[in-house]
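Those letters in the sequence shown? Residues 1 to 179, per my numbering, in order.
Inspection log for the structure reproduced underneath, given as structure tokens.
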Amino acid sequence: MIKRISYFAAALVVLAGCSSGVDLDNVPVDDKAGAPLSTTNNGANSGNTGQSGVQGVDLNASARDAAGPVGIARVIYFDYDSYVIKPDFQSLIEGHARFLKANTGRNLVIEGNTDQRGGSEYNLALGQKRAEAVRRALALLGVPERQMEAVSFGKEKPAAMGNSEDAYAQNRRAEFSYR
1 MIKRISYFAA ALVVLAGCSS GVDLDNVPVD DKAGAPLSTT NNGANSGNTG QSGVQGVDLN
61 ASARDAAGPV GIARVIYFDY DSYVIKPDFQ SLIEGHARFL KANTGRNLVI EGNTDQRGGS
121 EYNLALGQKR AEAVRRALAL LGVPERQMEA VSFGKEKPAA MGNSEDAYAQ NRRAEFSYR
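Following this line, the structure appears as structure tokens:
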């Protein structure tokens, strides 16, 4: 009987500790439901929200900053069951190496991917080998190891859906993701 009372008392203490003490019924709310909406400019393209004191945010600016070097592709494609970088992508790797050496505060995550054929463990290992091959190529061009990380997503993040050879080819890749 004493055990039950102590459990009940402990439960009450826990419940009392969960209360916040804020009375939500008495919090003032600025009701703008009846305010008319502007139909002349919705602010989508101008960067202005139509409200005084509020400035628009250029969402594309942060995307441009995170994109890395301008005018250089961010994807390297591989042949089936291979992690050998094709000579076609050498200039792409050199461009990223120049960017990273000039911007030592930027970090690069190289994401290795595979097509959907094969087992999950095999594809994770192959994706890692692809990412590591790109990381090694950048390191040979003088990019410090501390600026790079190689990860594998295997077949978990397909770029293209489907069972065609074209979809498979788009999924056999290493992507550059700047942080």
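Note that the Cβ used here is the ideal one computed from N, Cα and C, for glycine as well.
Measuring CA to CA, which of the options is closest to residue i?
i    : options                   : result
R130 : S120, R146, G154 and P144 : G154
F99  : M1, L124 and A73          : A73
Y80  : P87, G127 and P144        : G127
P69  : E111, N107, I2 and V151   : N107
H96  : M148, M1 and M161         : M148
Should residue i be labelled buried (16 or more other beta-carbon atoms within 10 Å of its own) or exposed?
i    : result
D23  : For D23, the predicted model reports a pLDDT of 45, less than 50, meaning its position is unreliable and no value from the coordinates is stated.
L59  : Reliability of the predicted coordinates at L59 is poor, the pLDDT of 45 falling under 50, and no value is obtained from them.
A174 : buried
I2   : exposed
Q145 : With the sequence shown as reference, residue 145 is identified as Glu, and Gln is not the correct amino acid for it. Flag for E145 reads exposed.
Look up residue i in the DSSP assignment and say whether it is helix, strand or coil.
i    : result
V134 : helix
N123 : helix
I110 : strand
Y178 : strand
I72  : coil
F78  : coil
R172 : coil
Hey, residue i and residue j are a contact pair by Cβ (cut 8 Å); roughly how many whole angstroms apart?
i    : j    : result
R179 : V134 : In fact, because the Cβ distance is near 16 Å, the residues do not count as touching under 8 Å.
N123 : K157 : Going by Cβ atoms, the distance from N123 to K157 rounds to 11 Å, so no, they are not a contact pair.
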